[in-house]
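Participant: Chain order of the listed sequences is A and B.
Position one of the first sequence corresponds to residue 0 (numbering that gives the first Met the number 0), numbered consecutively onward.
Position one of the second sequence corresponds to residue 0 (numbering that gives the first Met the number 0), numbered consecutively onward.
Using N, Cα and C, we set each Cβ at its ideal position, and we do this for glycine too.
Number of protein chains: 2
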Amino acid sequence: MDDREKQRRVEVFAGHCRDRSLPFTSQRRMILEAVLDLDNHPSADQVHERVARRLPGISRATVYRTLETLVRLGVITKACHPGRVVRYDRRTDVHHHLICLNCDEVADISDEHLDAIPLPDTSALGFELSDHRVQLRGICQTCREKEEGS
Amino acid sequence: MDDREKQRRVEVFAGHCRDRSLPFTSQRRMILEAVLDLDNHPSADQVHERVARRLPGISRATVYRTLETLVRLGVITKACHPGRVVRYDRRTDVHHHLICLNCDEVADISDEHLDAIPLPDTSALGFELSDHRVQLRGICQTCREKEEGS
DNA sequence: TTAAGTGCAAAAGCTTTGCGGGTAG
DNA sequence: CTACCCGCAAAGCTTTTGCACTTAA
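#1: Starting from the Cα of aspartate 38 of chain A, find the closest Cα among A:Pro119, A:Ile116 and A:Arg90 and give me that residue.
#2: Ordered along the chain, which non-local residues of its own chain (more than five positions away) have a Cβ less than 8 Å from that of proline 55 of chain B?
#3: Just to confirm the assignment: which complete alpha helix (DSSP H) runs, minimum length 4, are found wholly within the region 8 to 45 of chain A?
#4: What does a CB cutoff of less than 6 Å around alanine 106 of chain A pick up in its chain, not counting 5 residues either side in sequence?
#5: With DSSP run on the structure shown, which of helix, strand or coil describes histidine 112 of chain B?
#6: Taking the beta carbon of glutamine 134 of chain A as the centre, do at least 16 other beta carbons fall within 10 Å, making it buried, or is it exposed?
#7: Against aspartate 130 of chain A, what residues of chain B qualify as contacts under a CB-to-CB distance less than 7 Å, listed in chain order?
#8: Would you please verify whether the beta carbon of glutamate 127 of chain A is less than 8 Å from any beta carbon of chain B?
#9: Nearest to asparagine 101 of chain B by CA position, among B:Asp110, B:Arg7, B:Gly82 and B:Leu66, is which residue?
#10: Starting from glutamine 140 of chain A, find everything on chain B with Cβ-Cβ shorter than 8 Å and list it in chain order.
#11: Beta carbon of threonine 159 of chain B, beta carbon of glutamine 26 of chain B: below 8 Å?
#12: Does any C-beta atom of chain A lie closer than 8 Å to the C-beta of serine 102 of chain B?
#13: Quick one: which residues of the region 67 to 93 of chain A get their C-beta closer than 9 Å to a C-beta of chain B? List them in chain order.
#14: Which residue or residues does DSSP assign as beta-bridge partners of histidine 94 of chain B?
#15: Considering only C-alpha positions, which residue in the set B:Glu104, B:His112 and B:Val85 is nearest to cysteine 142 of chain B?
#16: Mapping DSSP to helix, strand and coil, what is arginine 89 of chain B?
#17: Is the beta carbon of histidine 80 of chain A less than 8 Å from the beta carbon of arginine 132 of chain A?
#18: Could you check which residue in B:His47, B:Ala33 and B:Leu72 has the C-alpha nearest to that of leucine 21 of chain B?
#19: Could you check what DSSP says for valine 105 of chain B in three-state terms: helix, strand or coil?
#20: What residues from chain B crowd round histidine 112 of chain A, counting only those whose CB sits closer than 8 Å?
#21: Quick check on alanine 78 of chain A: does DSSP put it in helix, strand or coil?
#22: Do arginine 50 of chain A and isoleucine 75 of chain A have their C-beta atoms closer together than 8 Å?
#23: Interface residues of chain A around arginine 143 of chain B at Cβ under 9 Å?
#24: Answer with yes or no whether the minimum CB distance from valine 133 of chain B to chain A is below 8 Å.
#25: Consider the Cβ of leucine 97 of chain A: report whether some Cβ of chain B lies at a distance smaller than 8 Å.
#26: Which residue's Cα is closest to the Cα of isoleucine 108 of chain A: B:Arg136, B:Glu144 and B:Thr121?
#27: Based on Cα-Cα distance, which residue from A:Gly125, A:Asp130, A:Leu124 and A:Ala123 lies nearest to alanine 115 of chain A?
#28: Excluding the five sequence neighbours on either side, which residues of its own chain have a C-beta within less than 7 Å of the C-beta of valine 9 of chain B, listed in chain order?
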């Protein structure tokens, strides 16, 4: 992500903080910047590792708490995947995922046809629909190469 | 799931065991039956709790190991969701999920239009596509009622 | 000033692993 | 017989929580 877009996203977060009278701390800013730098749907620990390069004393607890705050404010999202750790996604727009059923990795993919599919009416179920994601499930290149090698 | 369908699924698993010379133990059969009984994308611990009703001595380790075996054989699947525990899905056919962004719960939904959407060509990315799922994201009825109440 | 955030350390929750004994085929 | 599974307990990871101190506004 280029610096201009990153700066814009940080400003959006700063605005949310002002609106809600929440302190805009340097830790929070750096945690958001770290998520925006990472394009691999990082776990909290991977975010912590990256932030710690710039701010060596930062606590894991702060990273865990801040990531949940960012999700609650809608600044970032959680990625849906089959694994056992929470993973975050810097993207908040409609996009889709390639999911490897062998290693559980998630990669982004954009496709305008998938963006435009007609969604069913879920109001009868009491479900308030906001948006959608398509998961394309299969085997990633890395895992295929490993299988061939073995 | 009705008993006939359950019986059929158990037979499919028994066949896989015969093909691969794997022991078809009573623990394995009861663990599969428990997953087939549960329609809420249960965690390993929820499966363990249900199996333990019929087989009080069963170990958590056996449940964890057996669920992974069932996934590897393609008898059940893992559900993709935003939470921090692994959750299993008795369904192996194409279907879709309602995902609550508030409580992370997953509910099944079937829709023939979503089943039939055109999938992009991922071969250029080295990704071998097998199938797809659509995640419909929003707020579930339970969470909406809680919000109104507060 | 003060409400909220931060760091630390301990606790809690989920999952995996090593091992001795048991069992399906 | 023999390879594989089972139960147990301990270890390993990820995430949450309580508390004293610090800080943004």
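Facilitator: Taking the structure as given:
#1: Working through the first sequence from its first residue, we reach residue 38 of chain A at position 39. Among A:Pro119, A:Ile116 and A:Arg90, the Cα nearest to that of aspartate 38 of chain A belongs to A:Arg90.
#2: Mapped onto the second sequence, residue 55 of chain B falls at position 56. If we look at proline 55 of chain B and ignore the five residues flanking it on each side, it has no Cβ neighbours.
#3: 25 to 36
#4: Within the first sequence, numbered from 1, the residue matching residue 106 of chain A stands at position 107. Within the same chain, alanine 106 of chain A has close Cβ partners Leu97.
#5: Stepping through the second sequence from its first residue, residue 112 of chain B is reached at position 113. In this structure, histidine 112 of chain B counts as helix in the three-state DSSP scheme.
#6: The residue you call residue 134 of chain A lines up with position 135 of the first sequence. Glutamine 134 of chain A is buried by the Cβ-count criterion.
#7: For the purposes of this step, residue 130 of chain A is taken as the residue at position 131 of the first sequence. Correct list: Arg136.
#8: Start at 1 with the first residue of the first sequence, and residue 127 of chain A comes out as number 128. With 8 Å as the cut-off, glutamate 127 of chain A counts as an interface residue toward chain B.
#9: Taking the second sequence and counting its residues from 1, one reaches residue 101 of chain B at position 102. Comparing Cα positions, the closest option is B:Gly82.
#10: Counting from 1 along the first sequence, the entry for residue 140 of chain A is found at position 141. Leu124, Gly125 and Phe126, listed in chain order.
#11: For residue 159 of chain B there is no data in the structure shown, the boundaries of chain B being 0 and 149.
#12: Here residue 102 of chain B corresponds to residue number 103 of the second sequence, with the count starting at 1. According to the sequence provided, residue 102 of chain B is cysteine. The question's serine does not apply to it. Taking Cβ atoms only, chain A never reaches closer than 8 Å to cysteine 102 of chain B, which makes this a no.
#13: Val70, Thr76, Lys77, Ala78, Cys79, His80, Pro81, Gly82, Arg83, Val84, Val85 and Arg86
#14: Residue numbering aside, residue 94 of chain B sits at position 95 when the second sequence is read from its first letter. Its beta-bridge partners do not exist; DSSP assigns none.
#15: The residue you call residue 142 of chain B lines up with position 143 of the second sequence. With distances taken between Cα atoms, cysteine 142 of chain B lies closest to B:Glu104.
#16: Walking along the second sequence from the start, residue 89 of chain B turns up at place 90. The answer is coil: DSSP assigns arginine 89 of chain B none of H, G, I, E or B.
#17: The count along the first sequence starts at 1 and reaches residue 80 of chain A at position 81. The count along the first sequence starts at 1 and reaches residue 132 of chain A at position 133. No, they are not a contact pair.
#18: In the second sequence, counting from the first residue as 1, residue 21 of chain B sits at position 22. Ranking B:His47, B:Ala33 and B:Leu72 by Cα distance to leucine 21 of chain B puts B:Leu72 first.
#19: On the second sequence, position 106 is the one that residue 105 of chain B refers to. In this structure, valine 105 of chain B counts as strand in the three-state DSSP scheme.
#20: As a working note, residue 112 of chain A is residue 113 in the first sequence. Near histidine 112 of chain A (Cβ distances below 8 Å), the residues of chain B are Ile116, Pro117 and Pro119.
#21: Numbered from 1 along the first sequence, position 79 holds the residue referred to as residue 78 of chain A. In the structure shown, alanine 78 of chain A sits in a strand (DSSP, three-state: E or B).
#22: Residue mapping note: residue 50 of chain A aligns to position 51 of the first sequence, counting from 1. Residue mapping note: residue 75 of chain A aligns to position 76 of the first sequence, counting from 1. In the sequence as displayed, the identity of residue 50 of chain A is valine instead of arginine. No; because the gap between Cβ atoms is not below 8 Å, this pair is not in contact.
#23: By 1-based counting over the second sequence, the position of residue 143 of chain B is 144. Those within 9 Å of arginine 143 of chain B in chain A are Gly125, Phe126 and Glu127.
#24: Residue numbering aside, residue 133 of chain B sits at position 134 when the second sequence is read from its first letter. It does: the Cβ of valine 133 of chain B has a partner Cβ on chain A nearer than 8 Å.
#25: The residue given as residue 97 of chain A occupies position 98 in the first sequence. So, interface residue.
#26: Reading the first sequence from its first residue, position 109 is the one you call residue 108 of chain A. Out of B:Arg136, B:Glu144 and B:Thr121, B:Thr121 has the C-alpha closest to the C-alpha of isoleucine 108 of chain A.
#27: Counted from its first residue, the first sequence places residue 115 of chain A at position 116. Of the listed residues, the one whose Cα sits closest to alanine 115 of chain A is A:Asp130.
#28: Within the second sequence, numbered from 1, the residue matching residue 9 of chain B stands at position 10. Cβ within range, chain order: Arg28, Leu31 and Glu32.
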